[in-house]
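Participant: Have a look at the structure that comes next, please.
Protein chains: 2
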Amino acid sequence: MRRILLTVAYDGTDYHGWQLQDNGSTIEGELNRAISELTGSVTEVIGASRTDSGVHGLGNRAVFDTESSIPAERFGPAINTFLPDDIRVMSSTEVSASWHPRKVRTVKTYEYRIDRGRIENPLMLRYAWHVWGELDLEAMRAAAEYLVGEHDFTSFCAAASQVEDKTREIISIDVEESAAAGELVIRVRGYGFLYNMVRIIAGTLVTVGQGKIAPEDVSGILEARDRTRACETAPAKGLTLVSIEDV
Amino acid sequence: MRRILLTVAYDGTDYHGWQLQDNGSTIEGELNRAISELTGSVTEVIGASRTDSGVHGLGNRAVFDTESSIPAERFGPAINTFLPDDIRVMSSTEVSASWHPRKVRTVKTYEYRIDRGRIENPLMLRYAWHVWGELDLEAMRAAAEYLVGEHDFTSFCAAASQVEDKTREIISIDVEESAAAGELVIRVRGYGFLYNMVRIIAGTLVTVGQGKIAPEDVSGILEARDRTRACETAPAKGLTLVSIEDV
């Protein structure tokens, strides 16, 4: 038995998220179906990150076990012939049989895109949150500094989460005007994230940028350990899981 | 009667092009319907550029005549409430009653995007042509120089075109690696374009980049005035009409 690691990209718009569901197609479900059809035996992948409905991926990861003798690097192109064209295996490689994508220490990079035009740009509709009006980028950057480092992120985790330990470490948060005109990108890098964490961070930084709360209020929000204290969860469509790197 | 000029953006993926058709939705058809519903009287727009099925717009133009007293700049937001969200009026202004979007001298800017990744990126699927393998950008730029200026572009016009005078003037062609990773942009600016002209230029420059023909061959292709001499028409989805400016 061999374990194959896939790097997976997808436009999440038309999927009910990563995780397998009874109703509605999911990235995981499409991968399971494609690999099973390719290899002729029922196969289930284990994903690194269960992205939400509407969230996009450029560098998500999944592993599966197979008896197939297809060379590891040929799996990607072969699986792609069984996938819809908005899901693509970008690369495939063999790993040890015990390697588990959620049990290795990795750095995840997310990008949250904001369409800054007066009218929502139809070409950014699937991939950005439209926020019109002034945004104070320096205030957003100052607020982001309170979040960098190791903290209890209970205030930045969906209340529905079952996770007990909500301490996570953020390496960096960059707020950048993109080369593409009228686009703002919030790039968050960290060792692990809670449910909805990046989207709640994006929603909170935008609220700071709009001057509705002060950058230093973010410190109190963190300390409160109470989801109701942070701001709105930003829409899923603006979020892309860009990469997962081993450390 | 007042004449209102609209700047129109759209994701062309799900439309049968700009021009009104009996079957299938078009940008023109959606605009006619939306404005008629808003004003309560049957209205038909006149477009500046009849982009093909699958081609995108950021700055296309259309005018319509109306008896409505809605202030000119308020038409855009009002029409948008009647449009699907992949078509957006970006701005609206009043022009003189005789102003015609195809009878004014303008500079049009098109961008043709190419996805240069080994595997097609699902997030660029709707907006770029996937071309893997080496491309010699310097050769593409050298070839582009033969096309800049005033020429008879018969070789770069779809054979089906009914236009008699095929002389057009291209102001500039830039071949740029985009800030976005793995993307190449061919930006073409000119005073007017023939049917499929930018897509045939893109297809020809890519063929040069692949080394299948030499940059100087483009000179002979132009002189031949024969569509069969130029290369493949690049796919519609990579093309965006970025702007139309008065000169």
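Each protein sequence line maps, in turn, to chains A and B.
Residues in the first sequence are numbered consecutively from 119, following the working numbering.
Residues in the second sequence are numbered consecutively from 119, following the working numbering.
C-beta: ideal position from N, C-alpha, C; glycine also.
(1) Please list, in chain order, the chain B residues whose beta carbon lies closer than 9 angstroms to that of I237 (chain A).
(2) State yes or no: is the beta carbon of T358 (chain A) nearer than 9 angstroms to at least one beta carbon in chain B?
(3) Can the beta-carbon of L138 (chain A) be found closer than 9 angstroms to that of L201 (chain A)?
(4) How about V293 (chain B) and L243 (chain B): do their beta carbons lie closer than 9 angstroms?
(5) Just to confirm before moving on: does the CB-CB distance between G439 (chain A) and G130 (chain A) stay below 9 angstroms?
(6) Tell me which residues share the same chain as M208 (chain A) and place their Cβ nearer than 6 angstroms to its Cβ, disregarding the 5 neighbours each side in the sequence.
(7) Determine the contact status of Y89 (chain A) and S279 (chain A), defining contact as a CB-CB distance below 9 angstroms.
(8) Which one of A:G338, A:Y133, A:T224 and A:R121 has the shortest CA to CA distance from Y264 (chain A)?
(9) Could you tell me which whole alpha helix (DSSP H) segments of length 4 or greater appear in the segment 176-250 of chain A?
(10) H174 (chain A): buried (16+ other C-beta within 10 angstroms of its C-beta) or exposed?
(11) Thinking C-beta only, is S154 (chain A) closer than 9 angstroms to T161 (chain A)?
(12) Expressed to the nearest angstrom, what Euclidean distance is found between the alpha-carbon atoms of Y309 (chain B) and A215 (chain B)?
(13) Who are the Cβ neighbours of N239 (chain A) in its own chain at under 6 angstroms, not counting the five residues just before and after it?
(14) Chain A partners of H174 (chain B), CB-CB under 9 angstroms?
(15) How about W250 (chain A) and A352 (chain A): do their beta carbons lie closer than 9 angstroms?
(16) Report the neighbours of Y228 (chain A) on chain B: residues whose CB is nearer than 9 angstroms to its CB, in chain order.
(17) I want to verify the contact list: residues of chain A whose CB lies under 9 angstroms from the CB of D203 (chain B), in sequence order.
(18) Taking D183 (chain A) as the reference, which of A:L176, A:S167 and A:G158 has the closest Cα?
(19) If distances are taken between C-alpha atoms only, which option among B:I122, B:D204, B:R305 and B:N141 comes closest to W217 (chain B)?
(20) Starting from L285 (chain A) and walking both ways along the beta strand (DSSP E), at which residues does that stretch end?
(21) Answer yes if the segment 338-348 of chain A comes into contact with the segment 190-205 of chain A, meaning at least three C-beta pairs across the two stretches below 8 angstroms, and no otherwise.
(22) Taking the beta carbon of K355 (chain B) as the centre, do at least 16 other beta carbons fall within 10 Å, making it buried, or is it exposed?
(23) Excluding the five sequence neighbours on either side, which residues of its own chain have a C-beta within less than 6 angstroms of the C-beta of S186 (chain B), listed in chain order?
(24) Hey, I318 (chain B) and A348 (chain B): beta-carbon distance below 9 angstroms or not?
(25) Compare the beta carbon distance of A260 (chain A) and T322 (chain A) with 9 angstroms and say whether it is the shorter of the two.
(26) Compare the beta carbon distance of V306 (chain B) and Y245 (chain B) with 9 angstroms and say whether it is the shorter of the two.
(27) Could you pull out every residue in the same chain whose Cβ sits closer than 8 angstroms to the Cβ of V181 (chain B), ignoring the five residues on either side in sequence?
(28) Which two residues bound the contiguous beta strand (DSSP E) that contains Y313 (chain B)?
(29) Rounded to the nearest angstrom, how far is the Cβ of L357 (chain B) from that of S167 (chain B), given a contact under 8 angstroms?
(30) By a C-beta neighbour count over all protein chains shown, 10 Å radius and 16 as the cutoff for buried, is M258 (chain A) buried or exposed?
(31) Excluding the five sequence neighbours on either side, which residues of its own chain have a C-beta within less than 8 angstroms of the C-beta of V281 (chain A), listed in chain order?
(32) By a C-beta neighbour count over all protein chains shown, 10 Å radius and 16 as the cutoff for buried, is T211 (chain B) buried or exposed?
(33) If distances are taken between C-alpha atoms only, which option among B:I237, B:V336 and B:G194 comes closest to F193 (chain A)?
(34) Whose CA, out of A:N198, A:S361 and A:L253, lies closest to the CA of A437 (chain A)?
Facilitator: To lay it out plainly:
(1) Looking up residue 237 (chain A) in the first sequence gives position 119. By Cβ distance, chain B contributes A127, G194, P195, N198, R206, V207, M208 and S209.
(2) Here residue 358 (chain A) is taken as the residue at index 240 of the first sequence, counted from 1. So yes, T358 (chain A) belongs to the interface.
(3) By 1-based counting over the first sequence, the position of residue 138 (chain A) is 20. By 1-based counting over the first sequence, the position of residue 201 (chain A) is 83. Not closer than 9 angstroms, so no.
(4) For the purposes of this step, residue 293 (chain B) is taken as residue 175 along the second sequence, with counting starting at 1. For the purposes of this step, residue 243 (chain B) is taken as residue 125 along the second sequence, with counting starting at 1. No. Outside cutoff.
(5) Outside the modelled stretch of chain A, which goes from 119 to 365, sits residue 439 (chain A), for which no answer is possible.
(6) By 1-based counting over the first sequence, the position of residue 208 (chain A) is 90. Result list for M208 (chain A): T125 and A127, in chain order.
(7) The requested residue 89 (chain A) is not part of the displayed model; chain A covers only 119 to 365.
(8) Residue 264 (chain A) sits at position 146 when you count from the first residue of the first sequence. Looking at the Cα atoms, A:G338 is the closest of the given residues.
(9) Correct list: 190-198.
(10) Position 56 of the first sequence, counted from the first residue, corresponds to residue 174 (chain A). H174 (chain A) is buried by the Cβ-count criterion.
(11) Position 43 of the first sequence, counting from 1, holds the residue named residue 161 (chain A). Position 36 of the first sequence, counting from 1, holds the residue named residue 154 (chain A). Yes, Cβ-Cβ distance for T161 (chain A) and S154 (chain A) is below 9 angstroms.
(12) Counted from its first residue, the second sequence places residue 309 (chain B) at position 191. Counted from its first residue, the second sequence places residue 215 (chain B) at position 97. Those two C-alpha atoms are separated by around 23 angstroms.
(13) Sequence index remark: in the first sequence, residue 239 (chain A) carries index 121 (1-based). Result list for N239 (chain A): D233, in chain order.
(14) The sequence position of residue 174 (chain B) within the second sequence is 56, counting from 1. Result: P240 and L241.
(15) Start at 1 with the first residue of the first sequence, and residue 250 (chain A) comes out as number 132. Start at 1 with the first residue of the first sequence, and residue 352 (chain A) comes out as number 234. No.
(16) Here residue 228 (chain A) refers to the residue found at position 110 when the first sequence is read from its first residue. The premise fails here: Y228 (chain A) is roughly 14 angstroms from chain B at the closest Cβ pair, so nothing lies under 9 angstroms.
(17) On the second sequence, residue 203 (chain B) is found 85 positions in, with the first residue counted as 1. E238, P240 and L243, listed in chain order.
(18) If you number the first sequence from 1, residue 183 (chain A) lands on position 65. If we check each option's Cα against that of D183 (chain A), A:G158 comes out closest.
(19) Along the second sequence, one-based indexing puts residue 217 (chain B) at 99. Comparing Cα positions, the closest option is B:I122.
(20) Your numbering for residue 285 (chain A) matches position 167 in the first sequence. Note that residue 285 (chain A) is Thr in the sequence shown, not Leu. DSSP places T285 (chain A) inside the beta strand (DSSP E), whose first and last residues are T285 to E295.
(21) no
(22) Within the second sequence, the letter at position 237 stands for residue 355 (chain B). K355 (chain B) comes out buried.
(23) Here the question's residue 186 (chain B) lines up with position 68 in the second sequence. Counting only Cβ-Cβ distances below 6 angstroms, and skipping sequence neighbours, we find T157.
(24) For the purposes of this step, residue 318 (chain B) is taken as residue 200 along the second sequence, with counting starting at 1. For the purposes of this step, residue 348 (chain B) is taken as residue 230 along the second sequence, with counting starting at 1. Cβ distance < 9 angstroms, so I318 (chain B) and A348 (chain B) count as in contact.
(25) The residue labelled residue 260 (chain A) in the question sits at position 142 within the first sequence. The residue labelled residue 322 (chain A) in the question sits at position 204 within the first sequence. Their beta carbons are not under 9 angstroms apart, which means A260 (chain A) does not touch T322 (chain A) by this criterion.
(26) By one-based count along the second sequence, residue 306 (chain B) stands at place 188. By one-based count along the second sequence, residue 245 (chain B) stands at place 127. Not closer than 9 angstroms, so no.
(27) In the second sequence, residue 181 (chain B) corresponds to position 63, counting from 1. Once the five neighbours on either side are set aside, the close Cβ partners of V181 (chain B) are R121, I122, L123, L124, V163, I164, V213, W217, H218 and P219.
(28) Residue mapping note: residue 313 (chain B) aligns to position 195 of the second sequence, counting from 1. That residue, Y313 (chain B), is in no beta strand (DSSP E); it is neither H nor E in DSSP.
(29) To locate residue 357 (chain B), count along the second sequence from 1; it is residue 239. To locate residue 167 (chain B), count along the second sequence from 1; it is residue 49. Not a contact, Cβ separation roughly 11 angstroms.
(30) The residue you call residue 258 (chain A) lines up with position 140 of the first sequence. Counting Cβ neighbours within 10 Å, M258 (chain A) comes out buried, since at least 16 surround it.
(31) On the first sequence, position 163 is the one that residue 281 (chain A) refers to. So the qualifying residues of the chain are C275, L312 and Y313.
(32) Numbered from its first residue, the second sequence carries residue 211 (chain B) at position 93. T211 (chain B) comes out exposed.
(33) To locate residue 193 (chain A), count along the first sequence from 1; it is residue 75. Of the listed residues, the one whose Cα sits closest to F193 (chain A) is B:I237.
(34) Outside the displayed range of chain A (119 to 365) lies residue 437 (chain A), so it cannot be described from this structure.
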